[in-house]
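Numbering (our numbering), first residue to last: 88 to 391.
Glycine included, every Cβ here is placed at the ideal spot set by N, Cα and C.
As the structure is a computational prediction, the values presented were derived from the model and not from experiment.
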Ligand code: CIZ
Ligand code: SF4
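If you want it as C-alpha cells, here you go:
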C-alpha cells in the first residue's frame, strides 16, 4: 500500500492533478485525496483549483458535474462503470415526456442526474440545499416537477408544505435502510442520536433526530454534544466522521448500506487513472452548456 500511495503522490505532481473523493469512498481512497466532501463541495473545489487534471473518486454524474463547472480541465473517473442507479432511473427523453404532460411546470432536479437530464431542468439542487432552494426559488409556483428521487421529494415536501409532481426513482443503497434497523440500533445504544440521509424512506426519516446531507451530517456530528451516533447513510462516511471526531463512537444503522458503485474506485484504479489519463468524462458541449444553466444557481445556495 505504501508503494502505491507514493506512486500516486508522485504522478499527481507530474500530471498537475488533484484528487477529489466523495464522502462514500473507501477509507484508503479518502486518505489519498486532496479533498473529501459531497458533490457540491467537490464541484466547487474542482472549479477553484488551478490543477490541470481532476481525478474524481465518486460516481459518473459527480465527475460530469465537475467537468461542467470546469470545462477547461481534464476530469477523470478511475472506473468508467461507477454509475449511480438512481441517476440512471430517468433519462432526457423520459423527462421531456413528463414535461410535455405538464407544460407550465418548473423542473427541479436532484444533482444525482445525468447532464442530459440537467439540461432539461430549470434548477438543480443537492440534498444539502434542496429545502432552501425549493422554498426560496420555487414557492408559489403552481406546478413543480421534482426528479428523480421520490424520497428526497417527499422530505422536501414535508419540510416546506409544497407539492411536487414526482418521479419514482430511489437510491437502492438508502432504500435498504428500514425502520426496524433504526429501532434495533436505538435499543442497543439508548444514549445515541440518530442521523439519517433524506434519500431514506419517510418511515426512516421520521425516526431520526436529524435528517441531513453528508456534509450536514459531518457538521452536525462535530457540533453536537452527543458522543454516540447512529448513522443512517452509506457506511463510507463513518471513516471521515471517526477521523474528525476521535472521541466519539459511530454505529452504522445497517451494514447493508453500501453503494457498490462508490466502492468500485480503488487505490489501484486511482493510480492507473493518473498513469493512463483514463477515463475522461466529457459530456457533449451543447448538453453541458444547458446543464450549466440549471446548476449554476445551486452554487449560490450553499448550506449554512
Ligand atoms: O450530493 C452528494 O454528494 C450526495 C449524493 C449526497 C450527499 O448528501 O452529500
Ligand atoms: Fe447513487 Fe445511492 Fe450510490 Fe449515492 S449511494 S451514488 S444515490 S446509488
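{"Query": "Where residue 340 sits in the DSSP three-state scheme", "Result": "coil"}
{"Query": "DSSP state of residue 236 mapped onto helix, strand, coil", "Result": "strand"}
{"Query": "Length at least 4, wholly inside the stretch 299-345: the alpha helix (DSSP H) runs in chain order", "Result": "301-310, 324-331"}
{"Query": "Pairwise C-alpha distance: residue 200 and residue 252", "Result": "17 Å"}
{"Query": "Sub-8 Å separation of residue 178 and residue 385 beta-carbons", "Result": "no"}
{"Query": "Within-8 Å CB hit, residue 320 to chain D", "Result": "Included in the structure is just one protein chain, with no chain D present."}
{"Query": "Residue of 345, 343, 305 minimising C-alpha distance to residue 330", "Result": "305"}
{"Query": "Rounded straight-line distance, which links the Cα of residue 388 to that of residue 313", "Result": "28 Å"}
{"Query": "Presumed contact (8 Å Cβ cut-off) between residue 354 and residue 104, rounded CB distance", "Result": "So it is not a contact: roughly 15 Å between Cβ atoms."}
{"Query": "heavy atom of the ligand CIZ below 7 Å from residue 185 C-beta", "Result": "no"}
{"Query": "Local conformation of residue 124 per DSSP, three classes", "Result": "strand"}
{"Query": "Residue 255 - DSSP class collapsed to helix/strand/coil", "Result": "coil"}
{"Query": "Sub-8 Å separation of residue 212 and residue 205 beta-carbons", "Result": "no"}
{"Query": "Cutoff 8 Å; reference residue 186; Cβ partners in own chain excluding five residues on either side", "Result": "192, 194, 207, 232"}
{"Query": "Test item: CB-CB of residue 143 and residue 134 under 8 Å", "Result": "no"}
{"Query": "Distance between beta carbons of residue 302 and residue 236, contact taken as under 8 Å", "Result": "Between residue 302 and residue 236 the Cβ distance is about 17 Å, and since that is not below 8 Å, they are no contact."}
{"Query": "Classification of residue 284 by the beta-carbon crowding that lies within 10 angstroms, buried from 16 upward", "Result": "buried"}
{"Query": "N-terminal and C-terminal residue of the alpha helix (DSSP H) that residue 147 is part of", "Result": "147-156"}
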